[in-house]
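*Asks:* So that we are looking at the same thing, I have put the structure below in structure tokens.
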Amino acid sequence: MSPILSNILLNELDKELESQGTKYVRYADDFSIYCTEEEQARRIGNKIYLYLRDKLHLPINREKSGIRRPKEFRILGYSFRSWASKGGEEVYHLVVSEKGLKSLKSKLKEITRKTRPGSIASRTARLTEVQRGWIQYFGHAYMYRELDVIDRWVRRRLRYCIWHNWKRPERRRKNLICLGVNPIKAYQWSRTRKGGWAISHSPIMSTTVTTSRLERRGYKAVLPLYKSIAPHLNEPLYTRPVRTVV
């Protein structure tokens, strides 16, 4: 009920901000106002504080409120990161916060846990479901590099699950031979003393349980999904710097 009641009451705040031509984001009682100069941020911040106190009779949490640089700002799982433009000017881009990325990795880790029961097909179906929902929410952020790292990590975990499911050395040997490995090499690798996580990153798995083979079992990488949902992010999201945040 809290978000619904907040939206009803703070609808007046939305109208006030829009009448001023202010750039802002609000979800329930959590909102941020975006300015280009610190003086402008202070002026608007004081004005909105008085509006909330005198007009809507609402208190403001002073500990959570204030003027911040974009790098120090977090809202609804998003944050900002700066890059130097060609002209040497600092440019900010919308990215997923560290907490948001950890949330995704935690869900993917649980799905690809080697001791979790289920086939590779059921795992990949669940992976696609979680990844699609996460990208639908964070699709406005610029995160090519982060998603590429996550894709490689997930594929390694799937190979680890496959190696673990083979269990016995003889079964591993036969499966490796079926995947095209030389019988002598297959025997050697099936009897290796290396742990499963090390094997998942070894050439014997990456050249046999390839990405194309995983895709035939239903695996879908998150980066191509992100590109299809957010094609406008082929270029940086922001072209002008944002300096201060209220």
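Numbering (the numbering used here), first residue to last: 997 to 1242. Where a beta carbon is used, it is the ideal one built from N, C-alpha and C, also for glycine.
(1) Counting pairs of Cβ atoms below 8 angstroms between the segment 1099–1109 and the segment 1195–1203, do you hit three or more?
(2) Among the residues of its own chain, which have a CB less than 7 angstroms from the CB of Phe1027, if the five just before and after it don't count?
(3) Would you decide whether Cys1157 is buried or exposed? Buried here means 16 or more other CB atoms lie within 10 Å of its CB.
(4) Buried or exposed: which applies to Glu1142, given that a residue is buried once 16 or more other Cβ atoms fall within 10 Å of its Cβ?
(5) Write down the C-beta distance between Thr1204 and Val1177 rounded to the nearest angstrom, noting that I regard them as a contact closer than 8 angstroms.
(6) If Leu1154 sits next to Tyr1215, beta carbons under 8 angstroms apart, how far is it from one beta carbon to the other, in whole angstroms?
(7) Report the rounded CA-to-CA distance for Asp1010 versus Leu1048, giving the unit in angstroms.
(8) Going along the chain, which residues of its own chain have a beta-carbon closer than 7 angstroms to the beta-carbon of Pro1165, five neighbours each way excluded?
(9) Let me know if Thr1111 comes out buried or exposed under the rule of 16 or more other beta-carbons within 10 Å of its beta-carbon.
(10) Do Ile1131 and Tyr1222 count as a contact pair if the criterion is CB distance below 8 angstroms?
(11) Could you check the C-alpha separation between Arg1070 and Ala1024 for me, to the nearest Å?
(12) According to DSSP, is Arg1219 helix, strand or coil?
(13) Tell me, to the nearest whole angstrom, how far the beta carbon of Ser1078 is from that of Lys1067; I am working on the premise that it is less than 8 angstroms.
(14) Mind checking which residues open and close the alpha helix (DSSP H) that includes Ala1024?
(15) DSSP state of Glu1012, grouped into three classes?
(16) From which residue to which residue does the alpha helix (DSSP H) around Ser1002 run?
(17) How is Ala1080 classed by DSSP in three states: helix, strand or coil?
(18) Is Ile1225 helix, strand or coil by DSSP?
(19) Take the Cβ of Gln1016 as the centre, count every other Cβ of all protein chains shown within 10 Å, and call the residue buried at 16 or more, exposed below.
(20) Could I get the ranges of all uninterrupted alpha helix (DSSP H) runs contained in the segment 1135–1180, with 4 residues as the minimum, in chain order?
(21) Assuming contact is defined by CB atoms lying nearer than 8 angstroms, are Gly1135 and Ala1226 in contact in what I supplied?
(22) So, helix, strand or coil for Leu1072, using DSSP?
(23) Looking only at C-alpha atoms, which of Trp1149, Leu1097, Met1139 sits nearest to Arg1109?
(24) Met997 to Arg1128, Cα distance in whole Å?
(25) On the CB-based measure, 16 or more other CB atoms within 10 Å of its CB, does Arg1189 come out buried or exposed?
(26) With DSSP as the reference, label Thr1240 as helix, strand or coil.
*Replies:* Per the coordinate set shown:
(1) no
(2) Residue 1027 sits at position 31 when you count from the first residue of the sequence shown. Tyr1020, Val1021, listed in sequence order.
(3) The residue labelled residue 1157 in the question sits at position 161 within the sequence shown. It counts as buried.
(4) In the sequence shown, counting from the first residue as 1, residue 1142 sits at position 146. Answer is buried; the Cβ neighbour count reaches 16.
(5) Counting from one through the sequence shown, the residue named residue 1204 turns up at place 208. Counting from one through the sequence shown, the residue named residue 1177 turns up at place 181. About 6 angstroms; that satisfies the 8 angstroms criterion.
(6) The count along the sequence shown starts at 1 and reaches residue 1154 at position 158. The count along the sequence shown starts at 1 and reaches residue 1215 at position 219. Going by Cβ atoms, the distance from Leu1154 to Tyr1215 rounds to 7 angstroms, so yes, they are a contact pair.
(7) The residue labelled residue 1010 in the question sits at position 14 within the sequence shown. The residue labelled residue 1048 in the question sits at position 52 within the sequence shown. Taking the straight line from one Cα to the other gives about 11 angstroms.
(8) Here residue 1165 is taken as the residue at index 169 of the sequence shown, counted from 1. Ser1186, Arg1187.
(9) Position 115 of the sequence shown, counted from the start, is the residue given in the question as residue 1111. Burial call: exposed.
(10) In the sequence shown, residue 1222 corresponds to position 226, counting from 1. In the sequence shown, residue 1131 corresponds to position 135, counting from 1. A contact, by the Cβ cut-off of 8 angstroms.
(11) Counted from its first residue, the sequence shown places residue 1070 at position 74. Counted from its first residue, the sequence shown places residue 1024 at position 28. One C-alpha to the other measures close to 15 angstroms.
(12) Position 223 of the sequence shown holds residue 1219. The displayed chain sequence assigns Leu, not Arg, to residue 1219. The answer is helix: DSSP assigns Leu1219 an H, G or I state.
(13) Here residue 1078 refers to the residue found at position 82 when the sequence shown is read from its first residue. Here residue 1067 refers to the residue found at position 71 when the sequence shown is read from its first residue. At roughly 6 angstroms, the Cβ-Cβ gap stays under 8 angstroms, so Ser1078 and Lys1067 are in contact.
(14) Counted from its first residue, the sequence shown places residue 1024 at position 28. No alpha helix (DSSP H) contains Ala1024, which DSSP labels as neither H nor E.
(15) Taking the first residue of the sequence shown as position 1, residue 1012 is located at position 16. Here Glu1012 sits in helix by DSSP.
(16) Taking the first residue of the sequence shown as 1, we reach residue 1002 at position 6. 998–1005 is the extent of the alpha helix (DSSP H) around Ser1002.
(17) Walking along the sequence shown from the start, residue 1080 turns up at place 84. Note: Ala1080 maps to strand in three-state DSSP.
(18) For this step, residue 1225 is matched to residue 229 along the sequence shown. Note: Ile1225 maps to helix in three-state DSSP.
(19) The count along the sequence shown starts at 1 and reaches residue 1016 at position 20. Exposed: under 16 other Cβ atoms inside 10 Å.
(20) 1140–1162, 1165–1174
(21) Position 139 of the sequence shown holds residue 1135. Position 230 of the sequence shown holds residue 1226. Taking 8 angstroms as the Cβ cut-off, Gly1135 and Ala1226 qualify as a contacting pair.
(22) Translated into the one-based positions of the sequence shown, residue 1072 becomes position 76. Three-state DSSP puts Leu1072 in coil, outside helix and strand.
(23) Here residue 1109 refers to the residue found at position 113 of the sequence shown. Nearest of Trp1149, Leu1097, Met1139 to Arg1109, Cα basis: Trp1149.
(24) As a first step, residue 997 is located in the sequence shown; it is residue number 1 there, counting from the start. As a first step, residue 1128 is located in the sequence shown; it is residue number 132 there, counting from the start. The alpha-carbon atoms of Met997 and Arg1128 are separated by roughly 27 angstroms.
(25) Along the sequence shown, one-based indexing puts residue 1189 at 193. Exposed.
(26) Taking the first residue of the sequence shown as 1, we reach residue 1240 at position 244. Only weak support exists for where Thr1240 lies, its pLDDT of 43 falling under 50; the coordinates are left without a value.
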